[in-house]
Structures are given as C-alpha cells and as structure tokens.
Amino acid sequence: MKRILLIPKIKIQNANALSSPYTIGFPAMTAWLGGVHALQRKLTAKHFNALKFTSVAVACHHIDLQTYKGQGDYVHSIIGTGNPLDKNGNRPSFIEEARCHLIVSLVIEYQGVDIDDSDEFIAAITRQLHSGLKLASGDILDFYMPELFKIGDEKEQQQLMRKLMPGHVLIERRDLMIEAMEDGQDALDAMLDYLKIMYLSEQDQAGNIEWSSHKKTIGWIVPIATGFHGISDMGTAENQRDPETPHRFAESIVTLGEFKMPYRIKKLDDMLWHYHADLEKSLYLCQQNNQSY
49 MKRILLIPKI KIQNANALSS PYTIGFPAMT AWLGGVHALQ RKLTAKHFNA
99 LKFTSVAVAC HHIDLQTYKG QGDYVHSIIG TGNPLDKNGN RPSFIEEARC
149 HLIVSLVIEY QGVDIDDSDE FIAAITRQLH SGLKLASGDI LDFYMPELFK
199 IGDEKEQQQL MRKLMPGHVL IERRDLMIEA MEDGQDALDA MLDYLKIMYL
249 SEQDQAGNIE WSSHKKTIGW IVPIATGFHG ISDMGTAENQ RDPETPHRFA
299 ESIVTLGEFK MPYRIKKLDD MLWHYHADLE KSLYLCQQNN QSY
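Residue numbers for the sequence shown, in the working numbering: 49 to 341.
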C-alpha cells in the first residue's frame, strides 16, 4: 500500500530550462526532487515532524520553451529578459538563461502522516505553495487542490493515472545508453544516435521525390540530467556556503529519458524517482524505484 500526495496542474513561470551544461529543455530531475525536498523541510519545521517524501514522479501537461528561431535561422536563440538600463543608458551585461513556462503535476509518495491529519496536511501544503516556494527555480502561479490517495491495487492506480491525463510522465532510459556502450560506442555518440532523426529521400520512375524519416528506437526520447559525479576529493573550500558540510566539485550526469503517457505505466514504481548516493563511485543520483537495467 502506497500513500500518495498529488499536486495537480502546477503552473510554473520562468523555470530553469538549462537542465545541464549542454542540454536545454525540460528541467532536470534534480530540480524536481530538490523542490519536493524543500517542501518537506518546510512542513517538518512546522507541524509534521515524522513526514518523509520518499519518491517523486513528474507529469508534464504543457511546456513553453523560451527560444526563438527566425526565418532562415539554423539554430534557435534563447529569449532573454529585458533588464533595466544602467546609469549611462546602456544595457547591463548579463548571462543568458534558458527559461520555460510549464504546467506539471507532482506525484509524491509520503510517510509519517496519519489519515486523521489529512485536512491539516492539505492545508499546510497549500500554504507553503502560496508562500513563495519555487520549483525548478520557477515561480508557482497557480495549482489545483492537492489530493491524497492510497494505492493498493490496479483500480486505485488507474484513478490516480486519470488525474495525470492529458500529459506525459518522465522515465529513465539508461538501458539504451548501456546497450549502445556495450556495443563499443562512446557515451556521447550513443546519446546522439538515439536523439537524431534520419531523413531519407527516394525518387520514383516519374521523377517524384518522397521523403521519409526514422529514429533508432520508438518513443519520445530526450536527454535528461539525473544527478552529479564528484570530480574532487571531499574537503573544504574558501567561502563555501556551509562550513560544516564537506565540499567537493562535481559535474552533471546526463543520460536518456522517455516521456510516456500515464496509461502506459504498468506499476507506480516505474515512474517514481528517489535519491541514491554511491559514495564508492562518487555518484549522487536521482533514479527510479523500478530500474529497467
């Protein structure tokens, strides 16, 4: 039996679309788990001391990536913000930030709240979402009333999945990367091989040309950032934010993911994500409860 908190149709403005140093698109899973963890800390600081959010799924209903491609342009450009002029009337220098507006639903598995406290629990969550909490660095503009579910059989799971329609849930497809790399491909080549679309042309006897396209595998495959890899030893750094916590430099981990319609999810754990640390390999990951590899 799983206890599930559903926060439906969260409308977010100016979320961080720079999901890794070299990919732009849907915010990284680290951003969603980080936002949910921040919500948990605010709730435990108030009344629910035993509350724990154990895993999270995110369903995307709409995304508006803030990029622009003009007629004849080869690539898209980031739509920047209009910053105020400086004292000399010039535009100040700024760093381009990839942004997106989106509507998502969060499915959160939780522990530590009794059913008798459900009304108070929902009210506390609503207050926190209205009090300036950010998700993926974006501002929460609106959301539907949170709901609580008990998932113990397929019928109860289907009731939850209907709440996520129409939309797509994000799952990990690291298995595609592993398979390609076991065949001898480089990691970056393996990723690009699954993301590229090949266009082919054929000319019939009458001289007419027909175009077709295909990908290496079916499905809506995208690059996703799922954590960090430590590249330095634990230690201290000058002016680090928390002097009590060991510091280390890290780089993003990027792999493949797939957006799936909720009705194609067989088990709830197939779409739920949780934190996982492999200290021997210096890996700090977001990974799914049910791994497909």
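Positions of the beta carbon are idealized from the N, C-alpha and C atoms, including for glycine.
With respect to N64, S261 sits apart: the two C-beta atoms are not nearer than 7 Å.
Under the DSSP definition of a beta bridge, K263 lacks any partner. Boundaries of the beta strand (DSSP E) harbouring S300: 298 to 308, taken from the DSSP string. Bridge pairing for K100: Q159 [DSSP].
Contact fails between the region 224 to 231 and the region 86 to 102, because fewer than three Cβ pairs, one in each stretch, are under 8 Å apart. Of the candidates V104, L99, K135, Q119, L99 places its Cα closest to the Cα of D165. Annotation for A63: the continuous beta strand (DSSP E) segment containing it runs 50 to 64. In summary, F191 is buried, with 16 or more beta-carbon neighbours lying within 10 Å of its beta-carbon over all protein chains present. Under the DSSP assignment, D241 falls in the alpha helix (DSSP H) whose first and last residues are 235 to 243.
Taking every protein chain shown into account, the CB of G120 has fewer than 16 other CB atoms within 10 angstroms, so this residue is exposed. Contact between L150 and H124 is absent: CB atoms are separated by about 17 Å, not below the 8 Å threshold. Bridge partners of T71 according to DSSP: S68. For D187, DSSP records a beta bridge to Q61, K182.
Excluding residues up to 5 positions away in sequence, I60, G83 lie with their Cβ nearer than 6 Å to the Cβ of L183 in the same chain.
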